[in-house]
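Asker:
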Amino acid sequence: MKFDYSYPYSSQRAPVFAKNVVSTSHPLAAQAGLEMLKRGGNAIDAAVATAMALTVLEPTSNGIGADSFALVWTGGGLHGLNASGRSPIGLARERY
Numbered sequence: 001m002k003f004d005y006s007y008p009y010s011s012q013r014a015p016v017f018a019k020n021v022v023s024t025s026h027p028l029a030a031q032a033g034l035e036m037l038k039r040g041g042n043a044i045d046a047a048v049a050t051a052m053a054l055t056v057l058e059p060t061s062n063g064i065g066a067d068s069f070a071l072v073w074t075g076g077g078l079h080g081l082n083a084s085g086r087s088p089i090g091l092a093r094e095r096y
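Counting with the UniProt record's numbering, you get residues 1 to 96 for the letters of the sequence shown.
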């Protein structure tokens, strides 16, 4: 690897995958997601752990009250989550 400023890439790292992959914009957030998987969590658990870590690591890009979108395959079916926009005042858990 060349360590000069004209090199077009900051580093070259060979990806190593065993069973799970967590990809984020910050290595510590990825580590939080991987730790959740190591402890027996599923992909949704890892995504929540990653998002929580990013709230601390990148507070200007992510946080409580931010929008959320997800496609999840579980129970033999595809489910979509669109948690964007404002929450209605009359929102009640019993409705769902």
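Even for Gly, the Cβ is constructed at its ideal location relative to N, Cα and C.
Can you tell me whether DSSP reads residue 74 as helix, strand or coil?
Answerer: Reduced to three states, the DSSP call for residue 74 is strand.
Asker: Thinking C-beta only, is residue 63 closer than 8 Å to residue 55?
Answerer: Against a cut-off of 8 Å, the Cβ pair of residue 63 and residue 55 comes out as a contact.
Asker: If you reduce the DSSP assignment to three classes, tell me which class residue 28 lands in.
Answerer: In the structure shown, residue 28 sits in a helix (DSSP, three-state: H, G or I).
Asker: Does DSSP put residue 97 in a helix, in a strand, or in coil?
Answerer: Nothing in the structure corresponds to residue 97, since the chain is present only between 1 and 96.
Asker: Give me the Cβ distance between residue 57 and residue 70, rounded to the nearest whole Å; I'm assuming they're in contact under 8 Å.
Answerer: Between residue 70 and residue 57 the Cβ distance is about 20 Å, and since that is not below 8 Å, they are no contact.
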